[in-house]
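A.B. asks:
In the numbering used here, the protein residues as written are 281 to 373.
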């Protein structure tokens with residue numbers, strides 16, 4: 281699965297963003313009841329869109345994955361500053 285906002289074919293056929301893909305992603309969060317936990321990091325770090333990062337108020341395990349066509353790249357050293365990083369997976373350049 282890739283982040284749909286980074287679809288290189290967005291707006292041209294065949295784009296990855298279809299009604300079925302949107303329904304699949306919404307269903308994933310709804311049926312697994314994981315939406316709240318997926319956005320909790322943003323609640324805990326209101327400065328997340330600035331260059332000032334703060335450590336999360338929890339020691340819950342943090343997993344990081346980087347996929348092809350991701351809009352942003354977060355270096356491991358930076359990800360470690362915002363949480364209890366236990367797994368860092370980055371695509372090969």
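Glycine included, C-beta positions come from ideal geometry on N, C-alpha and C.
Note that the structure is predicted; figures quoted are calculated from it, not measured.
(1) With DSSP run on the structure shown, which of helix, strand or coil describes residue 345?
(2) Within the chosen definition, does the region 317–337 reach the region 352–369 through at least 3 CB pairs nearer than 8 Å?
(3) Taking the straight line between their C-alpha atoms, what separation do you get for residue 309 and residue 300?
(4) Following the continuous beta strand (DSSP E) through residue 369, name the residue where it begins and the one where it ends.
(5) Taking C-beta to C-beta, are residue 370 and residue 346 nearer than 9 Å?
C.D. replies: If we stick to the structure as given:
(1) In this structure, residue 345 counts as strand in the three-state DSSP scheme.
(2) In this structure the region 317–337 lies against the region 352–369, because at least three pairs of beta carbons, one per stretch, are closer than 8 Å.
(3) Spanning the two alpha carbons is a distance of roughly 15 Å.
(4) Per DSSP, the continuous beta strand (DSSP E) segment holding residue 369 begins and ends at 364–369.
(5) Contact: yes.
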